[in-house]
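Each remark here refers to the structure printed beneath this line.
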Amino acid sequence: MDYQRLAEILFPDVDKTPEYYEEVFPKRELPEGAKVTRLGPSPTGFIHLGNLFGAFADERLAHQSSGIFYLRIEDTDDKRFVDGAVDVIINSLRFFDIRFDEGASAEGETGSYGSYTQSKRGPIYRCFAKKLVSEGKAYPCFLTEEEIASIRAEQEAIKANPGIYGKWAKSRNLTIEEIEEKLSAGLPYVIRLKSDGDMSLPEDQIKRFRVEDAIRGTLDMPVNDQDTVLLKANGIPTYHFAHVVDDHLMRTTHVVRGAEWLPSLPIHVELFEKLGWELPIYCHTAQLMKIGEDGNKRKLSKRKDPELSLDYYRKLGYHPAAVREYLMTILNSNFEEWRIANPDADMNEFNFTTEKMSNSGALFDLNKLNDVSKDVLLKVTASDLADFLQNWSEEFRPELSYMFEDRKYLERILDIGRHESKPRKDHIYADQMVENLSYFFDSTFRIQEDFPAEAADDADTILEKYLESYNHSDSQDQWFDKIRRIASDLGYAAKPKDFKKHPEEYKGHVGHVSTIIRIAVMGRSQSPDVWEIQQILGEFRTRERIKACLNR
Ligand code: GLU
Numbered sequence: 214m215d216y217q218r219l220a221e222i223l224f225p226d227v228d229k230t231p232e233y234y235e236e237v238f239p240k241r242e243l244p245e246g247a248k249v250t251r252l253g254p255s256p257t258g259f260i261h262l263g264n265l266f267g268a269f270a271d272e273r274l275a276h277q278s279s280g281i282f283y284l285r286i287e288d289t290d291d292k293r294f295v296d297g298a299v300d301v302i303i304n305s306l307r308f309f310d311i312r313f314d315e316g317a318s319a320e321g322e323t324g325s326y327g328s329y330t331q332s333k334r335g336p337i338y339r340c341f342a343k344k345l346v347s348e349g350k351a352y353p354c355f356l357t358e359e360e361i362a363s364i365r366a367e368q369e370a371i372k373a374n375p376g377i378y379g380k381w382a383k384s385r386n387l388t389i390e391e392i393e394e395k396l397s398a399g400l401p402y403v404i405r406l407k408s409d410g411d412m413s414l415p416e417d418q419i420k421r422f423r424v425e426d427a428i429r430g431t432l433d434m435p436v437n438d439q440d441t442v443l444l445k446a447n448g449i450p451t452y453h454f455a456h457v458v459d460d461h462l463m464r465t466t467h468v469v470r471g472a473e474w475l476p477s478l479p480i481h482v483e484l485f486e487k488l489g490w491e492l493p494i495y496c497h498t499a500q501l502m503k504i505g506e507d508g509n510k511r512k513l514s515k516r517k518d519p520e521l522s523l524d525y526y527r528k529l530g531y532h533p534a535a536v537r538e539y540l541m542t543i544l545n546s547n548f549e550e551w552r553i554a555n556p557d558a559d560m561n562e563f564n565f566t567t568e569k570m571s572n573s574g575a576l577f578d579l580n581k582l583n584d585v586s587k588d589v590l591l592k593v594t595a596s597d598l599a600d601f602l603q604n605w606s607e608e609f610r611p612e613l614s615y616m617f618e619d620r621k622y623l624e625r626i627l628d629i630g631r632h633e634s635k636p637r638k639d640h641i642y643a644d645q646m647v648e649n650l651s652y653f654f655d656s657t658f659r660i661q662e663d664f665p666a667e668a669a670d671d672a673d674t675i676l677e678k679y680l681e682s683y684n685h686s687d688s689q690d691q692w693f694d695k696i697r698r699i700a701s702d703l704g705y706a707a708k709p710k711d712f713k714k715h716p717e718e719y720k721g722h723v724g725h726v727s728t729i730i731r732i733a734v735m736g737r738s739q740s741p742d743v744w745e746i747q748q749i750l751g752e753f754r755t756r757e758r759i760k761a762c763l764n765r
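Heads up: the sequence shown begins at 214 in this note's numbering, then just goes up one per residue.
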């Protein structure tokens with residue numbers, strides 16, 4: 214067969230040579246060891262935690278090695294394309310401080326290895342498909358859907374592997390005349406890889422290949438035998454073909470992608486080989502898992518788990534630094550240890566490596582995220598925390614604008630108990646903080662709990678006496694001595710341990726009395742130190758709250 218002629222017949226439109234593209238997209242001039250990574254999302258409008266997880270690994274690998282991290286839009290499946298999706302991807306990732314050096318961007322494309330949008334790379338894919346056809350490594354396949362369905366049925370009946378390969382690949386044997394005839398009849402066709410693999414051989418004769426995966430170590434797999442589609446009937450490439458062509462021409466050194474692509478690795482290896490290109494280093498990441506309702510590990514699911522969506526974290530107001538810190542703990546198993554040794558270091562000083570990535574499931578746990586967030590927020594200054602809250606509220610909860618009218622007040626609130634030797638870790642995420650701090654603001658202050666039964670009958674007397682003796686400039690000790698006095702005057706033990714020893718002698722103890730005051734001033738029985746809070750609330754507000762409680 215004259216493959217060169219076949220290639221000319223099939224691709225009369227291709228006017229560039231492979232050498233031309235090799236020259237236009239030369240090897241990158243980067244320092245020794247620099248890694249080139251990419252994120253290749255499909256613009257479906259939904260960007261999830263798994264994307265962020267992978268993007269973070271890509272970003273670290275590239276930026277830690279003075280390399281390049283770029284964004285490629287994989288929009289070859291036009292059914293899934295959603296308008297504005299590219300902006301969603303870029304903005305969502307930027308929020309988590311993931312930035313690209315080149316590729317698709319809100320302002321158009323940057324970088325000299327583009328286009329970075331697959332739907333704009335048609336001529337490039339056609340050029341390399343033509344090359345494969347001209348070397349007898351790919352061919353036009355005219356099988357109709359019906360024919361493919363009946364092949365599948367036949368394969369099922371005899372328990373053969375499904376797919377188009379070997380003897381099932383009927384278009385492989387067409388002569389050039391037959392092909393020309395079908396073309397002139399206008400029959401649709403796809404371009405398929407002519408695979409060398411042969412799975413019909415006895416098990417021990419099936420060829421295998423080995424690849425070093427940077428996360429999984431040596432992969433030993435049977436070679437591909439499928440005549441995979443490279444170009445679909447509409448001329449659009451499949452993921453397999455586009456990925457290989459793009460990652461080669463964009464000079465990607467490390468392909469970080471989900472484990473769901475592992476089964477198709479043999480196809481990609483065969484394609485790289487047939488095109489005569491060096492294989493990039495594959496890094497197949499573990500799936501994100503969670504402990505499901507039944508106590509077993511399962512994959513995070515778009516339908517069941519709202520926390521899979523990145524919007525979830527933005528809406529609740531998780532601080533991006535907390536999400537990054539947490540993701541790093543699941544990305545690299547030695548990160549937590551490093552963090553303990555370097556509590557104040559910038560996370561970017563940690564040496565991220567693919568070897569320390571898990572290759573089974575990466576367990577995602579919201580409770581753990583919350584714990585990490587508490588620690589991270591402790592290091593954010595009150596002023597930065599106030600800025601963060603304000604930005605979040607402007608986007609998601611504009612009705613909270615009253616919180617930002619008095620910045621100094623807000624900052625003092627946010628700083629309560631954070632400078633002690635054992636600091637309070639009250640803050641987790643914006644929505645929770647707003648709820649937690651609601652008692653500081655008159656419009657959201659409410660009495661949320663009942664008075665403790667031990668002192669409820671004396672509540673009015675306690676509050677009256679408290680109001681009478683209240684002096685806003687009392688030290689914390691003076692203030693508490695007064696409460697002790699009120700307690701013992703009314704028949705409560707001034708010390709809880711006295712009450713414990715002789716409960717029959719008292720109505721209750723000073724803790725019950727102070728809880729009445731706490732509930733009157735804060736509306737709840739659990740809160741930081743009352744004296745400190747009153748100092749922040751101010752004398753007027755403190756007295757007003759006691760009075761209001763008396764007149765209930
Ligand atoms: N477009 C592919 C996806 O969304 C990208 C896979 C890859 O990174 O190679 O899954």
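Just so you know, even glycine gets a beta-carbon here, dropped at the ideal spot from N, CA and C.
Should Tyr234 and Ile302 be called a contact, given that it needs their Cβ atoms to be closer than 8 Å?
-> no
For the alpha helix (DSSP H) that contains Glu315, what are its first and last residues?
-> Glu315 -> not in any alpha helix (DSSP H); beta strand (DSSP E) instead, spanning Glu315 to Ser318.
Please find out if some non-hydrogen atom of ligand 1 comes closer than 7 Å to the beta-carbon of Gly299.
-> According to the sequence shown, residue 299 is Val rather than Gly. Incorrect: Val299 has no Cβ contact closer than 7 Å to ligand 1.
Return yes when the C-beta of Gly263 is under 7 Å from any heavy atom of ligand 1, and no when it is not.
-> no
Cβ-heavy atom distance between Gly258 and ligand 1 below 7 Å?
-> no
According to the Cβ coordinates, are Met434 and Arg421 closer than 8 Å?
-> yes
Every unbroken beta strand (DSSP E) inside the region 422 to 447 [3 residues or more] | 430 to 435 and 442 to 444
With distances taken between CB atoms, is the gap from Leu362 to Val403 smaller than 8 Å?
-> The question names Leu, yet the displayed sequence has Ala at residue 362. Cβ distance not < 8 Å, so Ala362 and Val403 don't count as in contact.
In three-state DSSP terms, what is His453?
-> helix
Val249: CB within 7 Å of a non-hydrogen atom of ligand 1 | no
Output yes or no for whether 8 Å exceeds the beta carbon distance between Asp314 and Tyr352.
-> no
Which residue spans inside the region 656 to 705 form an unbroken alpha helix (DSSP H) run of at least 4?
-> 666 to 669, 672 to 682 and 689 to 702
Rounded C-alpha distance that separates Lys350 from Asn374 | 22 Å
Under the three-state DSSP convention, the category Pro336 falls into | helix
List the DSSP bridge partners of Thr250.
-> Phe282
State the beta-bridge partners of Pro353 as determined by DSSP.
-> Ile404
Could you check how far apart the C-beta atoms of Glu662 and Ser738 are, in whole angstroms? I think they sit under 8 Å.
-> 5 Å
Compute the minimum distance between the beta carbon of Ser522 and the heavy atoms of ligand 1, and state whether it is under 7 Å.
-> no
Return the chain-ordered ranges of every alpha helix (DSSP H) run that is complete within the region 357 to 396 and spans a minimum of 4 residues.
-> 358 to 370
Cβ atoms of Ala427 and His467: under 8 Å apart, would you say?
-> yes
Uninterrupted beta strand (DSSP E) stretches inside the region 484 to 528 (no shorter than 3 residues) = 494 to 498, 501 to 504 and 510 to 512
Flag this pair as touching only if the region 628 to 637 and the region 692 to 702 have three or more C-beta atom pairs under 8 Å; answer yes or no.
-> no
Is Gly253 near ligand 1, judged by its Cβ being under 7 Å from some heavy atom?
-> yes
Rounded separation between Lys587 and Leu523 - CA only = 19 Å
His497 versus Lys248 - alpha carbon distance = 16 Å
For His456, is the beta carbon positioned less than 7 Å from some heavy atom of ligand 1?
-> yes
With a cut-off of 8 Å, does the C-beta of Leu478 fall near any C-beta of chain C?
-> Annotation note: the requested chain C is absent from the structure, which comprises a single protein chain.
Among the residues of its own chain, which have a CB less than 6 Å from the CB of Thr441, if the five just before and after it don't count?
-> Leu406, His453 and Ile480
With burial defined as no fewer than 16 other Cβ atoms inside 10 Å of the residue's Cβ, what is the status of Val295: buried or exposed?
-> exposed
Classify Gly321 as helix, strand or coil using the three-state DSSP reduction.
-> strand
Best match in Arg697, Ile629, Ile729 and Tyr642 for proximity to Glu745 [C-alpha to C-alpha] | Ile629
What three-state label does DSSP hand Val469 in the structure shown?
-> strand
From the DSSP output, in three-state form, read off Thr755 for me.
-> helix
Return yes when the Cβ of Phe341 is within less than 8 Å of the Cβ of Leu219, no when it is not.
-> no
Please name the residue or residues paired with Thr330 in a DSSP beta bridge.
-> Ile286
Completely contained alpha helix (DSSP H) runs for the region 565 to 652, where each covers 4 or more residues | 579 to 591, 595 to 609, 620 to 627 and 643 to 649
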